[in-house]
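**Q** Before I ask anything, here is the structure I am working with.
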Ligand code: AMP
Ligand code: FE
Ligand code: FE
Ligand code: ZN
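Numbering (my numbering), first residue to last: -14 to 270.
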């Protein structure tokens, strides 16, 4: 079984439509894929509708990646198999999502002050129906020839957290996120907790507190983690009793990572599905 529990579609900042994403997951030889767009469940229905026409069986795990911040440090919380209709969690997602437009506009204003002729219309066209985020602004900077690639836009000079053109958006307290997802019958995994090239990371003692508060797992195997970081996080997971996952964090052509580049052990996937009461994995047939 090949299991990838972290992907993005055009419902947020990926470049594959949800239907294309499940087709790509099947073509990549995956058996299970989770769709975890930033702060939205908007892609789930289309992804599920595409399952029956696949030429090999694929199970869809519904999820989202919730934008959180603690003590000034940004962090992402993967949430799986929660009840999408749960009102408290829905409102929390909306608070973040609704703030993405004014936040992007604030960043565009900063970029224009820095002499970059980027416009809201340009970024909105790139984001399309997806919840607008930094990679869409980064793509506009690539189109304008300001930086050679999307990842080159994530520097203090441009879009990095605290960078010249950065503006904050509303983000959830991770303890509150864990509580909300649990109350909605879902399971939580701290996304790329050691991705230090994105900025400051959450200290291990705070991660341990989150696990004590109900966080289910740590995404240990991720392309942004080097081998020593994976070893450290694996030991932390063992000490705290957290589950260990691995996933690609696929964003289509906006990142170089391939589907299934990191994967999750089948026993861990079974445990995640077992813990979830808000929704169950979706298989065609
Ligand atoms: P946002 O949700 O709008 O705050 O944007 C965060 C997203 O930007 C992340 O989920 C990544 O897709 C992307 N991102 C953040 N830092 C980097 C980085 N250093 N390189 C490439 N993409 C990044
Ligand atoms: Fe992203
Ligand atoms: Fe993330
Ligand atoms: Zn992600």
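Backbone N, C-alpha and C define an ideal beta-carbon position, used for all residues, glycine too.
Starting from residue 194, trace the alpha helix (DSSP H) in both directions and tell me its first and last residue.
**A** Position 209 of the chain shown, counted from the first residue, corresponds to residue 194. First-last of the alpha helix (DSSP H) with residue 194: 189 to 197.
**Q** Hey, quick one: how far does the alpha helix (DSSP H) through residue 254 stretch, first residue to last?
**A** Residue mapping note: residue 254 aligns to position 269 of the chain shown, counting from 1. It spans 251 to 260 - the alpha helix (DSSP H) in which residue 254 sits, taken as one unbroken run.
**Q** In the DSSP assignment, the beta strand (DSSP E) including residue 175 goes from what residue to what residue?
**A** Counting from one through the chain shown, the residue named residue 175 turns up at place 190. Start and end: 172 to 176.
**Q** In the DSSP assignment, what residue or residues form a beta bridge with residue 235?
**A** Working through the chain shown from its first residue, we reach residue 235 at position 250. Paired residues: -8.
**Q** Does at least one heavy atom of ligand 1 sit under 6 Å from the Cβ of residue 157?
**A** What you label residue 157 is simply residue 172 of the chain shown in a count that begins at 1. Incorrect: residue 157 has no Cβ contact closer than 6 Å to ligand 1.
**Q** Report buried or exposed for residue 34, applying the criterion of at least 16 other Cβ atoms within 10 angstroms of its Cβ.
**A** Residue numbering aside, residue 34 sits at position 49 when the chain shown is read from its first letter. Burial call: exposed.
**Q** The beta strand (DSSP E) spanning residue 50 covers which residue range?
**A** Taking the chain shown and counting its residues from 1, the one referred to as residue 50 is at position 65. Residues 44 to 55.
**Q** Residue 18 lies in the beta strand (DSSP E); which residues open and close that run?
**A** Your numbering for residue 18 matches position 33 in the chain shown. Note, residue 18: beta strand (DSSP E), 17 to 20.
**Q** So if DSSP puts residue 62 in a beta bridge, which residue, or which two residues, is it bridged to?
**A** Here the question's residue 62 lines up with position 77 in the chain shown. Under the DSSP definition of a beta bridge, residue 62 partners with 51, 175.
**Q** Quick check: what's the CA-CA separation for residue 93 versus residue 103?
**A** The sequence position of residue 93 within the chain shown is 108, counting from 1. The sequence position of residue 103 within the chain shown is 118, counting from 1. If I take the Cα positions, the gap works out to 7 Å.
**Q** Please report how far the alpha carbon of residue 252 lies from the alpha carbon of residue 246, in whole angstroms.
**A** By 1-based counting over the chain shown, the position of residue 252 is 267. By 1-based counting over the chain shown, the position of residue 246 is 261. Roughly 19 Å between the two C-alpha positions.
**Q** Just to confirm, are residue 156 and residue 52 a CB contact at a threshold of 7 Å?
**A** Here residue 156 refers to the residue found at position 171 of the chain shown. Here residue 52 refers to the residue found at position 67 of the chain shown. The answer is yes: Cβ separation under 7 Å.
**Q** Please report the straight-line C-alpha distance between residue 250 and residue 142, rounded to a whole angstrom.
**A** Counting from 1 along the chain shown, the entry for residue 250 is found at position 265. Counting from 1 along the chain shown, the entry for residue 142 is found at position 157. Approximately 39 Å between the Cα atoms of the pair.
**Q** Using DSSP with H/G/I as helix, E/B as strand and the rest coil, what is residue 155?
**A** Here residue 155 refers to the residue found at position 170 of the chain shown. Coil.
**Q** What did DSSP end up calling residue 210 once you bin it into helix, strand or coil?
**A** Residue numbering aside, residue 210 sits at position 225 when the chain shown is read from its first letter. Coil at residue 210, not helix or strand.
**Q** To the nearest angstrom, report how far apart residue 74 and residue 169 are at their CA atoms.
**A** As a first step, residue 74 must be located in the chain shown, where it is residue number 89. As a first step, residue 169 must be located in the chain shown, where it is residue number 184. Going by the C-alpha atoms only, they are around 7 Å apart.
**Q** With distances taken Cα to Cα, identify the nearest neighbour of residue 82 among 116, 144, 205, 72.
**A** Against the chain shown, residue 82 aligns to sequence position 97. In terms of Cα proximity to residue 82, the closest of 116, 144, 205, 72 is 116.
**Q** What do you reckon, is the C-beta of residue 204 under 6 Å from a heavy atom of ligand 4?
**A** As a working note, residue 204 is residue 219 in the chain shown. The closest heavy atom of ligand 4 lies 6 Å or more from the beta carbon of residue 204.
**Q** Considering only their Cβ atoms, is the gap separating residue 187 from residue 60 smaller than 7 Å?
**A** The residue given as residue 60 occupies position 75 in the chain shown. The residue given as residue 187 occupies position 202 in the chain shown. Against a cut-off of 7 Å, the Cβ pair of residue 187 and residue 60 comes out as a contact.
**Q** Does residue 103 come out as helix, strand or coil in the three-state DSSP assignment?
**A** Taking the chain shown and counting its residues from 1, one reaches residue 103 at position 118. Three-state DSSP puts residue 103 in coil, outside helix and strand.
**Q** Can you confirm whether residue 114, when its beta carbon is compared against all beta carbons of chain D, has any partner nearer than 7 Å?
**A** No chain D is part of this structure, which consists of one protein chain only.
**Q** Which stretch, first to last residue, makes up the alpha helix (DSSP H) that contains residue 126?
**A** One-based indexing of the chain shown puts residue 126 at position 141. Here the alpha helix (DSSP H) through residue 126 covers 119 to 128.
**Q** For residue -13 versus residue 6, is the C-beta spacing smaller than 7 Å?
**A** The sequence position of residue -13 within the chain shown is 2, counting from 1. The sequence position of residue 6 within the chain shown is 21, counting from 1. Contact flag unset, no.
**Q** Please enumerate, following chain order, all residues with a beta carbon closer than 7 Å to at least one heavy atom belonging to ligand 3.
**A** 50, 61, 176, 177, 234
**Q** Given a threshold of 16 other Cβ atoms within 10 Å of its Cβ, counted over all protein chains shown, does residue 255 qualify as buried or as exposed?
**A** Position 270 of the chain shown, counted from the start, is the residue given in the question as residue 255. Exposed: under 16 other Cβ atoms inside 10 Å.
**Q** By the three-class DSSP mapping on this structure, what secondary structure does residue 242 have?
**A** As a working mapping, residue 242 is identified with position 257 in the chain shown. It is coil, neither helix nor strand.
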